[in-house]
Amino acid sequence: MNRLDPLPPFLMRLLWPSLVVLFYSLLTVWLLWPFPLIAGEVMLHRGDPVHQLWTLRWTQHALFNDPANLFAANANYPFDAALTLNQPMYTNAVLTAPIQWFFNNQALTHNAGVLLSFVLAGTFTALLVQQLTGNRWAALAAGILYAFAPVRQAHIFHLNLLSGYWTPLVLWGLHRLWQVYGRRELQLAQHSFFFALLLGLLISVAYAAQVLSEFYHAIYLALAIALFLLWHLIVHRWGLSWQGTVTLIASGAFGVALTLPILLPTVQAWEMLDLERSIAEHDRHGARLENYLVTDRKKRVEYGLWRFNHRSATSGSAEHSLFPGALAVPLAVLGVVSVRRWRNTDALLYVVMALIAFWLSLGPTIRVGEGPEGIPSPLYVWIYEHLPGFSGTRVPSRFAMLVQLALAVLAGYGIAYLCAKLSGRWSKWSPMLGSVILLLLALDFWGPGIRGTQGLVGEPLPEIYTELAAQPPGAILEYPVMNANEMLPHRYEYFSTFHWRPLVNSGSGILPQAYIELRDILNTFPEQRAVRLLQELDVRYVVVHRYQMSGWEAWWSLVQVTPGVQVVAQSDDMGDVLLAIEPRDDEPALTLERWTTTDGEQKVLFEALSPFIIDRDRFYARWHTQSVLLAYRDGRTEQTEVYLPTYLTGGVLVVDWPDLHKDVVAVQLPTSHGVRRVPLDAPPTPTQTVEGPQMLGRSLPSSIAVGEMLPCRLYGKGPIDSAGLVLSLNLVDANGLVQAKEDRFFDEGFAAPEHWPATGAEPVPCMFAIPVDIPAGIYTFEVGLYNPTGNEFISFADPDGQIDYYWKRAITVTP
Numbered sequence: 000m001n002r003l004d005p006l007p008p009f010l011m012r013l014l015w016p017s018l019v020v021l022f023y024s025l026l027t028v029w030l031l032w033p034f035p036l037i038a039g040e041v042m043l044h045r046g047d048p049v050h051q052l053w054t055l056r057w058t059q060h061a062l063f064n065d066p067a068n069l070f071a072a073n074a075n076y077p078f079d080a081a082l083t084l085n086q087p088m089y090t091n092a093v094l095t096a097p098i099q100w101f102f103n104n105q106a107l108t109h110n111a112g113v114l115l116s117f118v119l120a121g122t123f124t125a126l127l128v129q130q131l132t133g134n135r136w137a138a139l140a141a142g143i144l145y146a147f148a149p150v151r152q153a154h155i156f157h158l159n160l161l162s163g164y165w166t167p168l169v170l171w172g173l174h175r176l177w178q179v180y181g182r183r184e185l186q187l188a189q190h191s192f193f194f195a196l197l198l199g200l201l202i203s204v205a206y207a208a209q210v211l212s213e214f215y216h217a218i219y220l221a222l223a224i225a226l227f228l229l230w231h232l233i234v235h236r237w238g239l240s241w242q243g244t245v246t247l248i249a250s251g252a253f254g255v256a257l258t259l260p261i262l263l264p265t266v267q268a269w270e271m272l273d274l275e276r277s278i279a280e281h282d283r284h285g286a287r288l289e290n291y292l293v294t295d296r297k298k299r300v301e302y303g304l305w306r307f308n309h310r311s312a313t314s315g316s317a318e319h320s321l322f323p324g325a326l327a328v329p330l331a332v333l334g335v336v337s338v339r340r341w342r343n344t345d346a347l348l349y350v351v352m353a354l355i356a357f358w359l360s361l362g363p364t365i366r367v368g369e370g371p372e373g374i375p376s377p378l379y380v381w382i383y384e385h386l387p388g389f390s391g392t393r394v395p396s397r398f399a400m401l402v403q404l405a406l407a408v409l410a411g412y413g414i415a416y417l418c419a420k421l422s423g424r425w426s427k428w429s430p431m432l433g434s435v436i437l438l439l440l441a442l443d444f445w446g447p448g449i450r451g452t453q454g455l456v457g458e459p460l461p462e463i464y465t466e467l468a469a470q471p472p473g474a475i476l477e478y479p480v481m482n483a484n485e486m487l488p489h490r491y492e493y494f495s496t497f498h499w500r501p502l503v504n505s506g507s508g509i510l511p512q513a514y515i516e517l518r519d520i521l522n523t524f525p526e527q528r529a530v531r532l533l534q535e536l537d538v539r540y541v542v543v544h545r546y547q548m549s550g551w552e553a554w555w556s557l558v559q560v561t562p563g564v565q566v567v568a569q570s571d572d573m574g575d576v577l578l579a580i581e582p583r584d585d586e587p588a589l590t591l592e593r594w595t596t597t598d599g600e601q602k603v604l605f606e607a608l609s610p611f612i613i614d615r616d617r618f619y620a621r622w623h624t625q626s627v628l629l630a631y632r633d634g635r636t637e638q639t640e641v642y643l644p645t646y647l648t649g650g651v652l653v654v655d656w657p658d659l660h661k662d663v664v665a666v667q668l669p670t671s672h673g674v675r676r677v678p679l680d681a682p683p684t685p686t687q688t689v690e691g692p693q694m695l696g697r698s699l700p701s702s703i704a705v706g707e708m709l710p711c712r713l714y715g716k717g718p719i720d721s722a723g724l725v726l727s728l729n730l731v732d733a734n735g736l737v738q739a740k741e742d743r744f745f746d747e748g749f750a751a752p753e754h755w756p757a758t759g760a761e762p763v764p765c766m767f768a769i770p771v772d773i774p775a776g777i778y779t780f781e782v783g784l785y786n787p788t789g790n791e792f793i794s795f796a797d798p799d800g801q802i803d804y805y806w807k808r809a810i811t812v813t814p
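Printed below as a string of structure tokens:
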């Protein structure tokens, strides 16, 4: 093919890359038809693509309007680094920004990134393989094998995972660096400092672009670079001149420097939230060996093995659609066996890369079939425990993308070998052979039409958001927070792109424990606990979507009589409602109570009858070292630091306070309400001490309203020989019927009854939420202990020394 070039070499340098881009653009239109035609009207799915659209648009919005608050995405309020909970979209945000500017079409902006990923994946792979083989037919074929492989098409819903096209460009740059600045090839007269600067800059930018496109591909790229450098160090004895080595070091340092402004805040946020992916998740998402024979897409051209085994129980998801293509492996094997002098080629490098990536894709246990049995992989576990960042790649099967790239390169060697065999008098058949191979590869990856869905992006924005736009600024909660529709949070994220107000809801795949607790409480709105939590968070509005709810009439009647909630507007199109949350006039009650364990450890019981936020800025951290002021009995004060909860959802938390002096009588806490002085109480003492188990506590209020938290504070002493006891809390009416019941386990710092001391006492977590739907009246509140194994209740003494199976107190419940 090269001998038939009709243009001078300097023009071909410009023409060839343009033709490659055009080739893969046309191929993308063909293989993904009719999606390119309707890209501005549809989303590929209502789930992950919508969430990634929100991530993409927030990144663009922040980068070009308020870069200082880039990480403070509007979801997950009040967390100020919410963007770090999502897969990165920084590179894609920059690449697709012109589409958003020119067309102001969010669906088109996202989908343009999807389409561009196929074009660039093919183009950059073709550049890499042409650099290695010198054959353009091999280059074009390798680009098809990587860009349109089932493992990539299966992830067409995931723009971040489609963005692995920077890896072949980095590898091209490295191969080019060794070619130009190798010890034997170096010609300073031809290759100036300016050329080295451009090449180094390209490697740096491509590296940074890959890392900031997707953290999975950052790991794959790191593996590819490490293997590349080891290969040249061991096989070629480095083989790079000092000028090339300086260029390599400088480009690497600059590439890392470009990523640090993103990576460092991300690492800090994950460490603060104590986020990690367990080895069990890795094991669950590892590839099975048979997954490399299956794909989740039906093809228009079916044959042989694919038809026999095109689906299995583990191939129903994108994570297990790993079939490399019918021609990929045969061509790759041909490429391997056709290379005679390994030291003069880099083919073996890509054999090693394919094998290591294949092994890593299997995860910590190598399995065949659906059973849990398999061969453990201790080395994988060691890498998980020791390699920074590796634990975050919870889906090992995605290493198949690097396998596919290595196979594409090796197949390129095989095609170059076939073309070389047609040299001499058979050279006229080379273009025909190349064309046939390209056609066969394209047909192999040609699937059913991709049409997406017009739902959401094709619908008008609900009118309730017009009402919201007319309101003063303030954070919002979308309600219901969750229901049977798993994609509901993504819908809320999409709506938020039209107002960018702080949003409590989250559609992230990474849900910190603080958000889970927040979500579970707020989904009970309009119960008082949920309303007071919104007031504590300073959330101003609740947008209620009637069409996403069941039992609307009963729920709506409850809202209309809920204190602190006002109806602002109701839309005509869908019956949606905009509610305003009134600020709370009083501060929530907080009680601190100290006690010393039998081991001599100092602890403090933090008790709040309703949600209480100590540190709103660090709400998501859950626990944080804070500076507090201690007040002593003699009037002096002392500043100290202690590890405290950032919030209480309404209940009791145990705080370790090892250096708390016995003369401290109060603690001044910096809270979201300002500095708060809270007395430090001592635990109660029994009126009469008896031998054996006994519970003692403070008096309960004589009455309490529905929806309120009953402030039950008990302490238990032992000994109790029975292990595994459960706390039984009951609210019994005048007729002896149990109207509300809760069984509670001893956790979160509370000692189990078998560890209660014979002298002293341990706290008992007995606070009880009064249901909103019980009638007013006189009830008896009961606290008991029972063994769930034999359903046997344990007797104990009350503070007065009276022995019974329950600690009982009368309580009046008011409306």
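Here the sequence shown stands for residues 0 to 814, numbered as in numbering that gives the first Met the number 0. From the three backbone atoms N, C-alpha and C, an ideal C-beta is built for every residue, glycine too. Only a predicted model underlies this, so the values are computations on that prediction, with no experimental measurement involved.
For Leu176, the enclosing alpha helix (DSSP H) stretches over residues 165–180. With a beta-carbon spacing of about 5 Å, Glu477 and Val542 fall inside the 8 Å limit used to define contacts.
Boundaries of the beta strand (DSSP E) around His623: 622–631.
By the neighbour-count criterion, in which a residue is buried when 16 or more other Cβ atoms sit within 10 angstroms of its Cβ, Gln178 is exposed. Gly391 sits away from Arg283, with the two beta carbons spaced by 8 Å or more.
Note that the C-beta distance between Ser250 and Ile202 is below 8 Å.
Taking a C-beta distance under 8 Å as the contact criterion, Phe253 and Val293 do not qualify as a contact pair. Secondary structure in the region 15–93: the alpha helix (DSSP H) runs of 4 residues or longer, each lying completely within the stretch, are 47–64 in chain order. Measuring C-alpha to C-alpha distances from Phe792 to each of Arg366, Tyr805, Gln801 identifies Tyr805 as the nearest.
In this structure, Gln534 lies away from Glu707, with their beta-carbon atoms at least 8 Å apart. Remark: C-beta atoms of Asp720 and Glu761 do not approach each other more closely than 8 Å. Between Glu466 and the set Leu455, Phe497, Gln453, Val664, the nearest pair of CA atoms involves Phe497.
Taking the Cβ atoms as the reference, Ile143 lies roughly 7 Å from Leu437, within the contact range of under 8 Å. Under the 8 Å Cβ criterion, the region 450–462 does not count as touching the region 344–359, having fewer than three qualifying pairs. Within the region 715–756, the complete beta strand (DSSP E) segments at least 3 residues long are 725–731, 737–743, listed from N- to C-terminus. When rounded, the separation of the alpha-carbon atoms in Leu557 and Val576 is 14 Å. Asn484 is classed as exposed because its beta carbon has fewer than 16 other beta carbons within 10 Å across all chains shown.
Secondary structure of Ala665 (DSSP, three-state): strand. Distance between Glu781 and Arg518, taken at the CA atoms: about 29 Å. By a beta-carbon distance limit of 8 Å, Leu604 contacts Val653. Their separation comes to about 6 Å. By the Cβ test, the region 143–161 is in contact with the region 401–410, since at least three Cβ pairs between them sit closer than 8 Å. Around the beta carbon of Phe524, 16 or more other beta carbons sit within 10 angstroms, so the residue counts as buried.
Note: Tyr642 is bridge-paired with Thr624 in the DSSP secondary-structure output.
With respect to the C-alpha of Gly634, the residue from Ile613, Pro657, Val664 having the closest C-alpha is Val664.
Here the alpha carbons of Thr27 and Ser116 stand approximately 10 Å from one another. Judged by DSSP secondary structure, Tyr145 falls within the alpha helix (DSSP H) whose first and last residues are 135–146. Rounded to the nearest whole angstrom, the CA to CA distance from Phe102 to Thr108 is 8 Å.
When only Cα atoms are considered, Trp100 and Leu502 end up about 25 Å apart. About 5 Å separates the Cβ atoms of Val402 and Ala356, confirming a contact at the 8 Å cut-off. When Cβ pairs closer than 8 Å are counted between the two stretches, the region 731–741 is seen not to touch the region 637–646, the count staying below three. DSSP places Pro762 in the uninterrupted beta strand (DSSP E) bounded by 761–763. Distance between Ala268 and Ala286, taken at the CA atoms: about 30 Å. Cβ-Cβ distances below 6 Å link Ala568 to Glu466, Leu577 in the same chain, with the five nearest sequence neighbours on each side left out; the list follows chain order. The beta carbon of Glu552 sits closer than 7 Å to no other beta carbon from its chain once the five residues preceding and following it are set aside.
Apart from sequence neighbours up to five positions away, the residues of its chain that approach Glu213 with a beta-carbon distance below 8 Å are Gln86, Pro87, Asn159, Leu160, Ser162, Gly163, ordered along the chain. Within the region 530–579, complete beta strand (DSSP E) segments of at least 3 residues are found at 538–543, 564–569, given in chain order.
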